[in-house]
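Written below as structure tokens is the structure these notes are about.
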Amino acid sequence: MTLLEARHVEKAFGRTHALRGVSLTIESGETVAITGPSGSGKSTLLHCLSGIMSPESGEVHYAGRRIDDLDETARTRLRREDFGIVFQLDRLVPELTAVENVALPLLFAGRGRAEATTVALGRLDEVGAADVAESRPAELSGGQLQRVAIARALVTTPKVIFADEPTGALDSVAGERVLSLLMGAARANKATVVIVTHDNQVAAHADREIVLRDGALVGGVMA
Ligand code: ADP
Ligand code: ADP
């Protein structure tokens with residue numbers, strides 16, 4: 001079943017054509033890596049697919065419904081309810097502990113504090129970060145920060161996980177470990193994963209690779 005679809009998506013920043021008519025479909029449960037050189041439009045495509053950004057023309061469909069023309073409130077609700085988002089050097093709230101950061105999306109979703117904390121602790125455990133639950137971001141290593149960011153992205157059991165260079169700030173051993181955790185947790189939850197990376201090792205974890213160059217798809221579109 002097709003879960004996500006881009007139809008002729010175009011996006012420009014001034015004179016820079018970041019996306020020049022990208023069309024693709026992503027099946028439910030698939031893990032897809034978006035690769036390509038720096039500046040080829042990977043992040044912009046991820047932002048359009050996840051509703052962070054609206055394309056100038058073209059359409060984005062999710063679960064059979066057009067989402068690019070929703071207003072900001074509806075898109076924010078969709079991101080909170082159905083999507084989990086992990087960015088490189090993700091911004092955890094510095095004043096909150098790891099477990100409080102992970103619990104935050106559940107509080108936004110209206111769940112009670114005690115329940116949110118219990119679920120958050122479970123997610124931290126799942127990504128091997130239970131021991132840093134009471135630490136604040138400034139006390140954590142890069143790998144620990146990424147684990148906490150992944151736990152936060154997974155805490156609402158999202159249907160789709162979007163990740164933009166989630167291992168970009170880590171050395172290859174730590175990056176490999178964090179990526180395995182992300183993919184493992186996604187598979188356990190039957191989530192669809194869309195991950196932006198310039199790293200072939202990371203792309204090798206995905207079911208399929210989508211390659212961008214100058215804002216357009218090149219080879220590698222087939223499974
Ligand atoms: P990638 O993720 O592959 O590195 P991006 O999607 O970040 O590529 O960027 C694609 C192109 O659009 C680049 O030329 C980049 O400089 C430009 N771009 C991206 N975001 C912005 C922005 N907010 N303002 C101006 N130009 C941007
Ligand atoms: P880059 O791809 O250039 O490293 P980011 O991916 O960190 O930049 O952020 C690009 C855009 O995504 C920004 O406009 C930012 O406001 C938005 N953004 C970053 N993190 C989140 C998040 N957790 N939720 C929603 N939007 C975000």
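Residue 116 in UniProt numbering sits at position 116 of the sequence shown; the count goes up by one each step and never skips. For glycine and all other residues, C-beta sits at the position ideal for the given N, C-alpha and C.
Exercise for review: Could you name the residues of the same chain whose beta carbon sits closer than 7 Å to that of Asn101, not counting the 5 residues immediately before and after it, in chain order?
Suggested key: Non-local beta-carbon contacts of Asn101 in its own chain, meaning distances under 7 Å to residues more than five positions away in sequence, involve Leu92, Val93, Val148, Arg152 in chain order.
Practice item. Count the CB pairs spanning the region 41-54 and the region 13-31 that are closer than 8 Å, and state whether there are at least three. Key: Under the Cβ criterion (8 Å, minimum of three pairs), the region 41-54 counts as touching the region 13-31.
Practice item. With DSSP collapsed to three states, give me the class of Lys11. Key: In this structure, Lys11 counts as strand in the three-state DSSP scheme.
Check your understanding: Straight-line CA distance for Arg208 to Ala33?
Key -> Between Arg208 and Ala33, the alpha-carbon positions lie close to 6 Å from each other.
Check your understanding: Which ranges would you report for the alpha helix (DSSP H) in the region 79-165 if only whole runs of at least 4 residues count?
Key -> The region 79-165 contains these whole alpha helix (DSSP H) runs: 98-108, 113-126, 142-154.
Check your understanding: Which whole-angstrom value is the C-beta distance of Ala206 and Leu182, which I expect to be below 8 Å?
Key -> Ala206 to Leu182, Cβ: 11 Å. No contact.
Review point. What residue does the alpha helix (DSSP H) around Leu49 start on, and which one ends it?
Key: Unbroken alpha helix (DSSP H) run through Leu49: 42-49.
**Study point:** Cβ-Cβ distance between Val193 and Ala203 below 8 Å
**Key:** No; because the gap between Cβ atoms is not below 8 Å, this pair is not in contact.
Review point. Relative to the alpha-carbon of Thr80, which residue among Asn200, Lys159, Val211 has its alpha-carbon at the smallest distance?
Key: Rather than Thr, the amino acid found at residue 80 in this sequence is Arg. The shortest C-alpha to C-alpha distance from Arg80 to any of Asn200, Lys159, Val211 is the one to Lys159.
**Study point:** Sufficient close CB pairs (3 or more, under 8 Å) joining the region 99-116 to the region 132-151
**Key:** Pairwise C-beta distances place the region 99-116 in contact with the region 132-151, as three or more of them are shorter than 8 Å.
Check your understanding: Does the Cβ-Cβ distance between residue 235 and His8 come in under 8 Å?
Key -> No statement about residue 235 is possible, as the shown extent of the chain runs from 1 to 223 and does not include it.
Point to revise | Beta-carbon proximity list for Ser180, same chain, < 8 Å, skipping 5 on both sides | key: Taken in chain order, the residues that qualify are His205.
Review point. Start and end of the beta strand (DSSP E) containing Val196?
Key: 192-196 is the span of the beta strand (DSSP E), which, as asked, contains Val196.
Check your understanding: Run through DSSP, which three-state label would Val218 get?
Key -> Correct three-state label for Val218: coil.
Review point. Relative to ligand 1, is the shortest distance from any of its heavy atoms to the C-beta of Val196 smaller than 7 Å?
Key: Yes, the Cβ of Val196 comes within 7 Å of a heavy atom of ligand 1.
Review point. Hey, quick one: how far does the beta strand (DSSP E) through residue 249 stretch, first residue to last?
Key: The requested residue 249 does not occur in the structure, where the chain is confined to residues 1 to 223.
Review point. Looking at the unbroken beta strand (DSSP E) that takes in Leu170, where does it start and where does it end?
Key: Counted as a single uninterrupted DSSP element, the stretch harbouring Leu170 is not any beta strand (DSSP E), since DSSP gives it neither H nor E.
Point to revise | Opposing strand residues paired with His205 [DSSP bridges] | key: DSSP lists no bridge partner for His205.
Point to revise | Whole-angstrom distance between Val173 and Gly29, CA atom to CA atom | key: Each residue's Cα considered, the two are about 26 Å apart.
Point to revise | Through-space distance from Asp71 to Gly122, alpha-carbon basis | key: Going from the Cα of Gly122 to the Cα of Asp71 covers about 34 Å.
**Study point:** Opposing strand residues paired with Leu19 [DSSP bridges]
**Key:** Under DSSP, Leu19 shares a beta bridge with Lys11.
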